[in-house]
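Visitor: In the working numbering, the protein residues as written are 506 to 1225. Starting off with a structure, shown below.
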Ligand code: ARG
Ligand code: GLU
């Protein structure tokens, strides 16, 4: 009986895990995947993708800034990434006279390319497995605390030693929850210039409404360029710098994709948690996310109401809306995906198989304990996670309170504080105020405050919440509205003038008065509660969880090859370079609905609505559409393809990643996933987890036909 049950569980689970599409592979170990990739249609070798002995594709894939991927597409260091990745820079360069967000930006000559001080581009030069070195002196008897100490000492020593001998930036990264370590050598470029970006109604077409959703029609790209010093090495910005000559740049394919085509994505996925136990996934998807979604729904409804009424407010809250809305929508998808896909049940079935495996020999007892011990820790953790969630999502969503929290340092000024220090603080706060009030709209904040404080008070028990919430009961008879009236009526933080006046007149004797400001009182109360009652406990739980995860991972690394020999293990995403591969194809998201694998310009015209900001189409694009003036960028069906989906296992950070065909030629830029499959960060289902890419032919069409920036096309290598 036991045996058959085990077999059924195995089959049940295998059905979901042994698909080729799942996995974010370490490029240095890609030999292991080569046969499978080739069987799926790849015509090149693992060595073409990643090599340290000769130039390879990895020399053309970069970490763009701190959170996106980019790829090099010319001998002059031309770089493509997403519009939403370049967004901050496009915005920073925009002024009233030159509104590049609205109108787009095209450097028609090299001289017009704009410096972006602070922006870096990072390129992996080499990665070496140093697990043995890092785990030297770790034995089965080593305690968790000792282990942490030994590991951090070993890392520090190795990095110091290697840094002395290398021109690159050296670091050690942990894989498989601390079961494997790699030494990374990175080259960091510091003179990056902005070269082009389409107008937002192309680069952000569909806005937050279409975000995470298929069918999609977003021209989500922007263009940058890497410059280096006269010696060809990374350098700070100088007008004498020259364009970077890469070891490799991608050839662009104009052939497009068809259903079933092999593709791979090469980039910097940030974080996944595929090996969590069921209790953790349950807490994440069924306890925490619903609260976050609920709080954000309340806030976004308020934003929407005012944004629709007033064009100025729409702009002021556009970025805040996008920031909150991105996670909000994604987590709704995760909650639903886990439920529909029976994610928890599948994890539980796996855990039964795992425990059976553990029971087979005595030496596996620690692996069994690791899994079982999660339950009490997560039980304890829930209270603190919830408190953290309300603190950050409800408390700090009140902009006034979040901004007032910046004044914590100035309340510590005394008679003995040197005047220069005070001046510096005052100036920093004045600059912060200028930025903050430019996009601050008090009626929104007041309504958000009422909604959030109500939710906070209802959800968190009296003995486990910031004092200020209890004061609403004591001093305002539990009437949140009266408290909020008082808060906004009495504080100086509702107006930039009042804040600046206070800062202009600031001296140590004013600290007392500031401390009584109700926004400061509220901010302090929330922060104090968090620091005193939540933070340390949260950390303690986290340390326990991380130790258990390491041992549970080690157990899985032994069990899976034995029990599921066909399953190839891969480490969770950790912001290091990865390769993932899968086939182009539509899917069936729900009963009676089928998605085709690509979208076209026709869809943009269908969505067009001059009255809705996210769906405005410019005259120029409409003219090109009406004239069908697509040149060589048209698909062989005659239409302009805009985006397509494929079964690549991607996550945040993969934005801007190149999606490549069987020959390693550029097909497009990854920029999103389909909503139904967003659970793939926790558990992957190949039938609904799809990545969304903008078709490179649409990108080139926009650069060439829409913007007339022929010089950029000329420097690219294009395979017709
Ligand atoms: N969902 C994508 C990501 O996670 C795109 C976000 C930017 N686009 C937007 N409409 N907010 O980053
Ligand atoms: N848009 C995401 C990013 O900025 C990529 C989409 C995803 O999470 O898969 O990285």
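For each residue, glycine too, the CB sits at the ideal point set by N, CA and C. Remember, it's a predicted structure, so these values are computed and weren't measured experimentally.
1. Whose C-beta lies closer than 7 Å to the C-beta of residue 535 among residues of the same chain, with five residues either side of it excluded?
2. Is residue 1159 near ligand 2 - that is, is its Cβ less than 7 Å away from at least one heavy atom of it?
3. Shorter than 7 Å, the distance from the beta carbon of residue 713 to the closest heavy atom of ligand 1, or not?
4. Bridge partners for residue 685 per DSSP, in chain order?
5. Does the region 807 to 820 come within contact of the region 760 to 772, defined as at least 3 CB pairs closer than 8 Å?
6. Quick check on residue 518: buried or exposed, where buried means 16 or more other Cβ atoms within 10 Å of its Cβ?
7. Residue 918: which of 792, 930 and 1198 sits nearest, CA to CA?
8. Using a Cβ-Cβ cutoff of less than 7 Å, which residues in the same chain neighbour residue 794 once the five nearest sequence positions on both sides are dropped?
9. Beta-carbon within less than 7 Å of residue 894's beta-carbon, same chain only, minus the 5 sequence neighbours each way: which residues are those?
10. Check whether the Cβ atoms of residue 728 and residue 585 lie closer than 8 Å to each other.
11. Taking residue 558 as the reference, give the member of 902, 752 and 1038 with the closest Cα.
12. Regarding residue 1176 and ligand 1, is the C-beta to nearest heavy atom distance less than 7 Å?
13. With distances taken from CA atoms, which of 578, 546 and 542 is nearest residue 1173?
14. If we ignore side chains and look at the alpha-carbon of each, how far apart do residue 646 and residue 679 end up?
15. Grouping DSSP H, G and I as helix and E and B as strand, with all else coil, what is residue 718?
16. Beta carbon of residue 1053, beta carbon of residue 1065: below 8 Å?
17. Please give me, in chain order, every unbroken run of the alpha helix (DSSP H) with length at least 4 that falls completely inside the region 615 to 639.
18. Please work out which residues of its chain come closer than 7 Å, Cβ to Cβ, to residue 1214, disregarding the five sequence neighbours upstream and downstream, and give them in chain order.
19. Look at residue 1192 and residue 1092 and say whether their C-beta atoms are less than 8 Å apart.
20. Helix or strand or just coil, what does DSSP make of residue 1121?
21. Just mark residue 713 as buried or exposed, buried being the case when its beta carbon has 16 or more other beta carbons within 10 Å.
22. When you measure from the CB of residue 723 to every non-hydrogen atom of ligand 2, does any distance come out below 7 Å?
23. With a threshold of 16 other CB atoms inside 10 Å of the CB of residue 1023, please say whether the residue is buried or exposed.
24. For the region 554 to 628, which segments carrying the alpha helix (DSSP H) assignment without a break, of at least 4 residues, lie completely within its bounds, in sequence order?
25. Can you look up residue 931 in the DSSP assignment and give me helix, strand or coil?
26. Would you verify that the beta carbon of residue 969 is, or is not, closer than 8 Å to some beta carbon of chain D?
27. Going straight from the alpha carbon of residue 1196 to that of residue 1097, what length do you get?
28. Tell me which same chain residues have a C-beta within less than 8 Å of the C-beta of residue 1061, skipping the five on either side of it?
29. Leaving aside the five residues before and after residue 928 along the sequence, list all residues of the same chain whose C-beta is less than 7 Å from its C-beta, in chain order.
Guide: By the coordinates alone:
1. 551, 554, 555 and 1084
2. yes
3. yes
4. 680
5. no
6. Summary for residue 518: the model assigns pLDDT 45, below 50, so the residue's position carries little reliability, and this model does not support an answer.
7. 930
8. 836, 839 and 840
9. 793, 796 and 797
10. yes
11. 752
12. yes
13. 578
14. 21 Å
15. coil
16. no
17. 636 to 639
18. 611, 613, 701 and 1208
19. yes
20. coil
21. buried
22. no
23. buried
24. 588 to 597 and 605 to 608
25. helix
26. Absence of chain D from the displayed structure is noted, only one protein chain being present.
27. 22 Å
28. 780, 859 and 1074
29. none
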